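See below for the structure under consideration.
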Amino acid sequence: MTDFEPTLSSEKLKEATGKDWDQWLEVLDQAGAIRRTHTEIARWLIDDQGVPGWWAQSITVGYERARGLREPGQRADGWSVTASKTIEVPVQKVFDAFEKESIRDQWLPEAELHLRTATAPVSARYDWGDGSTRLIVGFEALGPAKSRVALEHEKLPDAQVADRMKDWWRERVAELKELLEKG
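Here the working numbering is used: the first residue of the sequence shown is 65, the next is one more, and so on.
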């Protein structure tokens, strides 16, 4: 039995790849994956084991977590955190709450966002502060007056900062919801 908490169940993994977590961990250990990079492991899974790309990435991350090579939220370029919220307003209003500084300042005070790219009202990418971290935001219409915002703050320097930012973003999207729904 695995001694880590995978994000995918062994049942789903076996259904998709023919092996469960215990089997994949054993196969990867036997292949010397502990001495390989993330990219090398994923490439080996695709090329030598015939695992489709998304599943290869998921298995690689799971292996790295199980063997203590990666913690939840850790990526090759730092740490990332996510937050999301369903809000009872049209998606354009949620998009505007990020794009229009006069609205953004009401729920995200003192945040320095520098727009990189945006596709209204679907997505936006920002440099955060000095540009060492990034914010990626997705917007989804769930109906004419219901939307979901999902964000990822990436390239954070360490687990402690990631923990603080996860809590902070949860508070901020709750504040955004309150602001927009009160109208």
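A virtual CB, placed ideally from N, CA and C, is assigned to each residue, including glycine.
Here the structure is a predicted model, which is why all the values come from computation and not from measurement.
Three-state class that DSSP yields for residue i in the structure shown
i, result
"GLY195", "coil"
"SER73", "coil"
"THR66", "Because the pLDDT of THR66 is 48, which lies under 50, any placement of that residue in the model is unreliable, and the question is left without a value."
"LYS246", "helix"
"LEU206", "strand"
"GLY142", "strand"
Cβ-based burial, residue i [other Cβ within 10 Å; buried from 16]
i, result
"HIS178", "exposed"
"LYS149", "buried"
"MET65", "Confidence at MET65 is low in this model, with a pLDDT of 45, below 50, so its placement is unreliable and the value that follows should be read with caution. Under this definition MET65 is an exposed residue."
"ARG99", "exposed"
"SER122", "buried"
"TRP118", "exposed"
"LYS241", "buried"
Supposed close pair residue i, residue j - CB separation, criterion 8 Å
i, j, result
"ALA120", "PHE159", "Not a contact, Cβ separation roughly 34 Å."
"GLY202", "SER187", "5 Å"
"GLN170", "LEU243", "6 Å"
"LYS246", "GLU152", "That belief does not hold up - the Cβ atoms of LYS246 and GLU152 are roughly 11 Å apart, past 8 Å."
Those residues which DSSP pairs with residue i across a bridge
i, result
"LEU177", "TRP192"
"GLU218", "ARG198"
"TRP119", "Looking at the DSSP assignment, TRP119 forms no beta bridge with any residue, so it has no partner."
"ILE105", "DSSP lists no partner for ILE105."
"GLN170", "According to DSSP, which records beta bridges pairwise, GLN170 is partnered with nothing at all."
"ILE151", "SER211"
"SER16", "Absent from the model: residue 16. The displayed extent of the chain is 65 to 247, so no value can be given."
Sequence-distant residues of its chain with Cβ nearer than 6 Å to residue i (five each side left out)
i, result
"ALA147", "LEU215, TRP233, ARG234 and VAL237"
"ALA226", "GLY137, TRP143, VAL145 and LEU220"
Same chain, Cβ closer than 7 Å to residue i, five either side skipped, listed in chain order
i, result
"ASP84", "SER74, LEU77 and LYS78"
"THR124", "HIS102, ILE105, ALA106 and LEU109"
"ILE167", "ASP160 and ALA161"
"ALA97", "ILE105 and TYR127"
Cut-off 8 Å between Cβ atoms - residues of its own chain near residue i, not counting five sequence neighbours on either side
i, result
"ALA223", "GLU135, GLY137, GLN138 and TRP143"
"GLY132", "none"
Minimum Cβ-Cβ distance from residue i to chain B less than 9 Å
i, result
"TRP143", "Of the protein chains in the structure, only one exists, and it is not chain B."
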